[in-house]
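Residue numbers (UniProt numbering): 1 to 698.
Structure, rendered in structure tokens:
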């Protein structure tokens, strides 16, 4: 065979178990067939090459062990060909007999660490060191065995589902892996099953999905389930490996329970003196649910509609807090009966037909007695008494009572600081108040007393009340002139001119219709040169009505006035209440050397003076006269302002023929008396009217 002939090395390794230790030398018959093929190919000038069969080595095989052979057709057994092995694991894991080409495994293999090895084979001439065959690559594949158990990933498994969920509800999926070769045999083919957790849950064998298999699981009965899941390789066949995991499954709460009171009756007691807002106690309705599903609201149904109590819900504990809303009185009401209702705040409509989300109970509240101070039936007291009341006069009676069931006796007293002058006294047993000192409204018109009422008991509880006593005025003070009047008058003062306004005061209490009446004292000497007019108000007018020549020589004249106080009631009987007299001196200035008198003087009283009903007529003639004068004054640009009052007075009544005044003409007696002798006490009117004496006769 020439050098161009290819060296055929046949390596044959059985892939069947038990064949790895067999003879790898090609049989004679096969060699002949192979030689014939080579001869045929040689004649066809076809280049020969390495012919390899894949080598399989089971993992975990015991060592050392022959796993194959490199063989050349040119190897005659004279050991002229040297076999060389290189590549992954050469000389360490795989070793070759350089004379025979046998390949040996020197270490155990693990497919999970390295599933195959790539090596290079060479055949060279020992003498020439030249390759008999070019270097060629071959692969040794590690064959898998079931040496790994399956393992669960993503542990731990925790899941939750709503309670009362339907059968078949997906809970969770568990997953396991196997390190063995999934492409070789059944070593990595897994099957899932439930070891613990049935009949509530089941698992899909191939996917590991866990589902519910029991209907209407109730969280209130059992909240947590531990499900043990097993996974096996080899499709669950005997001899395979397995692993387990535990799945924690919790039932989530839904509102499938309503509140329930543990008792049909709750009792509380509270003192009648407890302030509004006092907590009586707490009640609680149990709800098997949790969280928002357990929230509830409490309400009161006041069977007696007294609104004395309220109830609030504690947001933290879900308890109902019973609170006092109105004051209590043991003597008025000692027992209350109230209905309480608890209702869920959040209701699941899916369960409304199966559950009632409310419950009721009853509360009985007992009021305990507290000894209370006496209570006055009236507060405050307002009384009135005449200032003329004598000592010992009964003013009134205060009354207090012990409202407790003991009904203790009461003792009354006046607080000393409220009656420092001791103007009043009180009967300690019955509360009657009397006058103790003389009263005077002008000194003190009002008294404010504090009356104490104290129980005759060990605790001696007391209370007080205010007593206001107003003194009623009586007319026990005489009027007095408002000031010391010192009027002046000129010696040539014309008749009818105003000299002074006089007013009076009275210390008594003014009442409606009250006014003063001024007049000359009847039993005193009356100066005919002066008169006084009563305006029926607290003032008077002093007027000069007569004038004598001797008036110039008078330096001072005095006249006593009488001031009488009237009230509206007493005026109807024309009887004065009180009266006083006072002397008013009238003076004129020193007479001058030359008479200086103003001949034309227009006098107007710039004040409002009410006309007396005792002076002058009040018929239509007089009214028309006044209206005509007012009209003339309104049209005259030289008269005083419109708000000045024109006053018309008497012109005198010293004649037996009566007054010639226009004010009295309306009521003048038509049977006149003609006199021829005027007498010394009459003066003719001609000097006043500017006429001659012979033009006027009487």
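For every residue, glycine included, the Cβ atom is placed at its ideal position computed from N, Cα and C.
Just so you know, the alpha carbons of residue 253 and residue 294 end up roughly 10 Å apart. For residue 216, no beta strand (DSSP E) encloses it, and the DSSP letter there is neither H nor E. In this structure residue 398 touches residue 451 by the C-beta definition: roughly 5 Å separates them, less than 8 Å. Residue 482 and residue 502 have their C-alpha atoms spaced approximately 8 Å apart. Residue pairing from DSSP places residue 104 in a beta bridge opposite 66, 95. Apart from the 5 residues on each side of it in sequence, residue 181 sits with its Cβ closer than 8 Å to the Cβ of 111, 115, 144, 187, 188 in its chain, given in chain order. Secondary-structure assignment with DSSP links residue 396 through a beta bridge to 433. The DSSP-derived three-state label of residue 301 is strand. Note on the segment 330-416: whole beta strand (DSSP E) runs with a minimum of 3 residues are 335-344, 358-368, 381-386, 394-397, 410-414, in chain order. Excluding residues up to 5 positions away in sequence, 211 lie with their Cβ nearer than 6 Å to the Cβ of residue 168 in the same chain. Using a Cβ-Cβ distance cut-off of 8 Å, the segment 152-163 and the segment 123-137 are not in contact, since fewer than three pairs of beta carbons, one from each stretch, lie closer than that value. If you draw a 10 Å sphere on the C-beta of residue 318, you find 16 or more other C-beta atoms in it, and that means buried. Using a C-beta cut-off of 8 Å, the segment 327-342 makes no contact with the segment 231-238, since fewer than three inter-stretch Cβ pairs fall below that distance. For residue 55, the enclosing beta strand (DSSP E) has its first and last residue at 55-58. Assignment of residue 418 by DSSP, reduced to helix, strand and coil, places it in the helix class.
Scanning 80, 72, 140 for the CA closest to the CA of residue 104 turns up 140.
By alpha-carbon distance to residue 341, the top candidate from 350, 329, 356 is 356. Under the 10 Å beta carbon count, residue 308 is surrounded by 16 or more other beta carbons and is classified as buried.
Unbroken beta strand (DSSP E) runs of no fewer than 3 residues, entirely contained in the segment 174-256, are found at 175-177, 191-196, 201-203, 209-212, 224-232, 242-252, following chain order. In the assembly as shown, residue 59 is a buried residue. Its beta-carbon has 16 or more other beta-carbons within 10 Å.
Contact between the segment 218-228 and the segment 243-260 is present: three or more C-beta pairs spanning the two stretches fall below 8 Å. Around the beta carbon of residue 404, 16 or more other beta carbons lie within 10 angstroms, which makes this residue buried. As summarised for the segment 428-509, the continuous beta strand (DSSP E) elements at least 3 residues long and confined to that stretch are 432-435, 446-455, 462-472, 498-502, given in chain order.
Under DSSP, residue 280 forms no beta bridge with any residue. The beta carbons of residue 408 and residue 455 sit closer together than 8 Å.
With a beta-carbon spacing of about 5 Å, residue 359 and residue 259 fall inside the 8 Å limit used to define contacts.
Residue pairing of residue 125 in beta bridges, as defined by DSSP: 81.
If you look at residue 157, you'll find it in the beta strand (DSSP E) that goes 157-162. For residue 89, there is no enclosing beta strand (DSSP E), as DSSP marks it with neither H nor E.
By the 16-neighbour rule on beta-carbons within 10 angstroms, residue 264 is exposed. In the DSSP assignment, residue 320 falls within the beta strand (DSSP E) that extends over 320-324. Closest in alpha carbon position to residue 296, among 628, 529, 345, 286, is 345. DSSP lists 56, 116 as the bridge partner or partners of residue 141. Ranking 185, 200, 205 by CA distance to the CA of residue 192 puts 205 first. Taking all protein chains shown into account, residue 391 has fewer than 16 neighbouring C-beta atoms within 10 Å of its C-beta and is therefore exposed.
The residues 255, 357, in chain order, have a CB closer than 7 Å to that of residue 347 in the same chain once the five nearest residues on each side in sequence are set aside.
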